[in-house]
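Quick note: the sequence shown uses this note's numbering, first residue 48, plus one each step. Just so you know, even glycine gets a beta-carbon here, dropped at the ideal spot from N, CA and C.
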Amino acid sequence: DEAIEQGKDAIARAMRKQNLPIQRILTGDSLVTLAHEMRYPDISSLYAAIGEGHVAAAGVVQKLVQALGGHDEANEDIAESTPPSHGGRSKRRANADPGVVVKGVEDVWVKLARCCTPVPGDPIIGFVTRG
Numbered sequence: 048d049e050a051i052e053q054g055k056d057a058i059a060r061a062m063r064k065q066n067l068p069i070q071r072i073l074t075g076d077s078l079v080t081l082a083h084e085m086r087y088p089d090i091s092s093l094y095a096a097i098g099e100g101h102v103a104a105a106g107v108v109q110k111l112v113q114a115l116g117g118h119d120e121a122n123e124d125i126a127e128s129t130p131p132s133h134g135g136r137s138k139r140r141a142n143a144d145p146g147v148v149v150k151g152v153e154d155v156w157v158k159l160a161r162c163c164t165p166v167p168g169d170p171i172i173g174f175v176t177r178g
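As structure tokens, this is what we get:
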């Protein structure tokens, strides 16, 4: 489980470096398809391989960019899909099928503490950090 979390974090960091839409890509089918193309049975196995250092997160992100039509195409998708965000110290979050989604902001990576186990419909109050 630790390796899976480390893999997810590494993918998110690599995507942030390239200004890619983290939430949209990680919840879409493109990463699942890429995992199968790389001969991993599921996305968790790919995350674990990244977390254990067997696969480079930057390489996986590069393959995702190519699958989306190249870096220019991915940047156009970002411009079309990212609404202007309004800054704030805390955001209300809602639990949905793709995981936890921050209302009003499309591209936010959400990580819950191990002790936090909300059920769908529970309001979640959190904070936004950099990095």
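Does residue i come out as helix, strand or coil in the three-state DSSP assignment?
| i | result |
| --- | --- |
| E99 | coil |
| M85 | coil |
| A160 | coil |
| R60 | helix |
| K110 | helix |
| G54 | helix |
| R71 | helix |
| V79 | helix |
| L93 | helix |
Taking buried to mean at least 16 other C-beta atoms within 10 Å of its own C-beta, is residue i buried or exposed?
| i | result |
| --- | --- |
| P68 | buried |
| G54 | buried |
| A160 | exposed |
| I172 | exposed |
Please look up how many angstroms separate the CB atoms of residue i and residue j, rounded, as I've assumed it's under 8 Å.
| i | j | result |
| --- | --- | --- |
| A59 | I97 | Between I97 and A59 the Cβ distance is about 11 Å, and since that is not below 8 Å, they are no contact. |
Taking only beta-carbon atoms, is residue i less than 8 Å away from chain B?
| i | result |
| --- | --- |
| D89 | Chain labels in this structure do not include chain B; a single protein chain is all it has. |
Are residue i and residue j touching if we call contact CB-CB under 8 Å?
| i | j | result |
| --- | --- | --- |
| S92 | A104 | no |
| I90 | V108 | no |
| V175 | Q70 | no |
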